[in-house]
Amino acid sequence: MPFPLNQPFLFGILCIALVLTSGSVTCLGGDQSGIICIGDCSPTCSGDCVGRGYKNGGSCFLFFSSFMCCCNEN
Numbered sequence: 001m002p003f004p005l006n007q008p009f010l011f012g013i014l015c016i017a018l019v020l021t022s023g024s025v026t027c028l029g030g031d032q033s034g035i036i037c038i039g040d041c042s043p044t045c046s047g048d049c050v051g052r053g054y055k056n057g058g059s060c061f062l063f064f065s066s067f068m069c070c071c072n073e074n
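The opening position of the sequence shown corresponds to residue 1 in UniProt numbering, with each subsequent residue numbered one higher.
If you want it as structure tokens, here you go:
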């Protein structure tokens, strides 16, 4: 356990880190309504979405450090 003088400092750093990481999803992804992510991105992402019944296909979106295949809702 850290020394008592370091606890408020470490707690403050933890709070700042949590706020910054939670905001990155909304900043990077934009409006996520109307899409459903089905897994990792592949060259056939849009075709995979059509095969699953999403008529409008799909595309890849960046979430943190990985690309996800997300389908457009019908």
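Built from N, CA and C at the ideal position, the CB exists for glycine as well.
Can the beta-carbon of residue i be found less than 8 Å from the beta-carbon of residue j?
| i | j | result |
| --- | --- | --- |
| residue 33 | residue 45 | no |
Apart from the five residues just before and just after residue i, which ones in its own chain have a Cβ nearer than 8 Å to its Cβ?
| i | result |
| --- | --- |
| residue 36 | 54, 70, 71 and 73 |
Just how far apart, CA to CA, sit residue i and residue j?
| i | j | result |
| --- | --- | --- |
| residue 62 | residue 38 | 13 Å |
| residue 15 | residue 68 | 28 Å |
| residue 47 | residue 11 | 47 Å |
Just to confirm my understanding: we take residue i, look at its own chain, exclude 5 residues before and 5 after, and list those with CB closer than 7 Å. What are they?
| i | result |
| --- | --- |
| residue 7 | none |
Pick from the options: whose alpha carbon is nearest that of residue i?
| i | options | result |
| --- | --- | --- |
| residue 66 | 13, 42 and 47 | 42 |
| residue 64 | 50, 40 and 48 | 40 |
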